[in-house]
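For what it's worth, the working numbering labels the leading residue of the sequence shown as 14, then goes sequentially.
Quick reminder that beta carbons are idealized off the backbone N, C-alpha and C, glycines included.
Input: a single structure, listed below in structure tokens.
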Amino acid sequence: MTSSTLTEAVVTGRPAPRRSVTRRRRPARRATLAPLVLLAPAVLLVAVFAGYPLVRSIWFSLNDVSVFTGVLDFVGFQNFANVIGTAEFVPTLGRTAIWTFGAVALQLVGGLSLALMLNNRFPMRGVYRGLIMIPWATPSVLVALMWKWILDPNNGVLNQWLLGAGIIDAPIEFLSQNSTALPTLVMIDVWQGIPLFAIMILAALQSVSGELKESAQIDGCGPVSVFRHVVLPAILPTILITTLLRLIWTSNYVDLIFILTGGGPGTSSTTLALESYLTTYKASDFGSGAAYAVIQALFLAVFIALYVRLTRKDATR
């Protein structure tokens, strides 16, 4: 409020104009609206490319969809009842759990070990740090085709090496046996996923204070104690977030399984995501296929909620 407006208010007895208050409110409103305006394009894209397919899938799961006419016949939760009532539903859940948790657990162990190795000083360390990203950077289709050639029972490199070393007497059909198909797929996914864990954990390791580690060593702590009480608490948030992301990605993984085994032999390597794909596009049952997808989305919602909670905690630190 200026001196002239103050004098006017005293003489006339009327309240001074609120120009200064209005001027102050305008920047505040702009500061509030600016983030919303900047976020609007991203929100619109997510709504179009993620929100619409999600809503459409939920709607399909509640209808009997005619492929040829496109007519939707509302059936409620009948598709879910049909899917859950099949004899293969529970085994498919079990295989999905083995595929998801087994692969990610091994990736975590391998990635942590590799990150600890790469955190040490040795010649050409930077070169090796770059080379380990090759499996992760390779497209999944190429990875599947490469491993299909490596595991071929007739001309595959792995069988030829095992036979030459005298470890086996006859070629092993890794992808064509019920007992080996799913474990083989898990190991291939582990091979491709370890580099991500290694790089993420390595970045976290480099942020650990060297002074804290030296202080712990001076106090008499050995390497194991230093890792447990100093290093692990510092890298634990990165490990948790990376693990949750890999759980979500791996459970949705279809291309590797589809190319290598197609879910077979039989259904021995069929996961929930692959079953949704096969039911929708091979059996042309869009309603049941969408029901499989919604069921998987409900399971993944738990991991997504944990991920959001962890990222919020990390942001408030």
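- By the Cβ rule, the segment 190 to 200 counts as touching the segment 106 to 121, because three or more pairs are nearer than 8 Å.
- Per DSSP, reduced to three states, the secondary structure at Phe316 is helical.
- DSSP, reduced to helix, strand and coil, places Val78 within a strand of the structure shown.
- When DSSP states are grouped into helix, strand and coil, Leu164 belongs to the coil group.
- Take Val50, set aside five residues on each side of it, and no residue of its chain has a beta-carbon closer than 7 Å to its own.
- Counting the other Cβ atoms within 10 Å of the Cβ of Asp202 gives 16 or more, which makes it buried.
- Between the segment 251 to 258 and the segment 92 to 108, the count of Cβ pairs shorter than 8 Å is below three; the stretches do not touch.
- CA-CA distance, Val170 to Ile270, rounds to 20 Å.
- Distance from the CA of Pro54 to the CA of Tyr65, rounded to the nearest whole angstrom, comes to 16 Å.
- In this structure Tyr266 is buried. Its beta-carbon is surrounded by 16 or more other beta-carbon atoms within 10 angstroms.
- Within the same chain, and ignoring the five residues on either side of Thr292 in sequence, the residues whose Cβ sits closer than 7 Å to its Cβ are Asp298, Ser301, Gly302 and Tyr305.
- For the set Val122, Phe316 and Leu52, the Cα lying nearest the Cα of Ile214 is the one of Val122.
- Within its own chain, the residues whose Cβ lies closer than 8 Å to the Cβ of Asn132, once the five positions on either side in sequence are excluded, are Leu215, Leu218 and Gln219, listed in chain order.
- The beta-carbon distance between Thr109 and Leu285, rounded to whole angstroms, is 5 Å. This is short enough to meet the 8 Å contact definition.
- Classified as exposed, Glu224 has fewer than 16 neighbouring CB atoms from the shown chains inside 10 Å of its CB.
- Taking C-beta atoms under 8 Å as the contact rule, Gln205 and Trp149 qualify, at a distance of about 6 Å.
- Partner residues in a beta bridge of Phe73, as assigned by DSSP, do not exist.
- Looking at the DSSP output, Phe93 sits in no beta bridge, so it has no partner there.
- When C-alpha distances from Asp77 are compared across Ala63, Phe93, Leu58 and Phe62, the shortest belongs to Phe93.
- By the neighbour-count criterion, in which 16 or more other beta carbons inside 10 Å mark a residue as buried, Pro208 falls on the buried side.
- Linking Trp160 to Val199 through their CA atoms gives a straight-line distance of about 12 Å.
- Rounded to the nearest angstrom, the Cβ distance from Ile111 to Leu127 is 23 Å, too far for a contact under 8 Å.
- Tyr290 counts as buried, since no fewer than 16 other beta carbons sit within 10 angstroms of its beta carbon.
- Secondary structure remark: continuous alpha helix (DSSP H) runs of at least 4 residues inside the segment 203 to 291, in chain order: 223 to 231, 236 to 239, 245 to 264, 268 to 273 and 285 to 290.
- CA-CA distance, Cys234 to Leu245, rounds to 14 Å.
- With fewer than 16 neighbouring CB atoms inside 10 Å of its own CB, Arg69 falls in the exposed class.
- Per the C-alpha coordinates, the member of Lys295, Arg142 and Ile272 positioned closest to Pro152 is Ile272.
- Under DSSP, Phe87 forms a beta bridge with Asn76.
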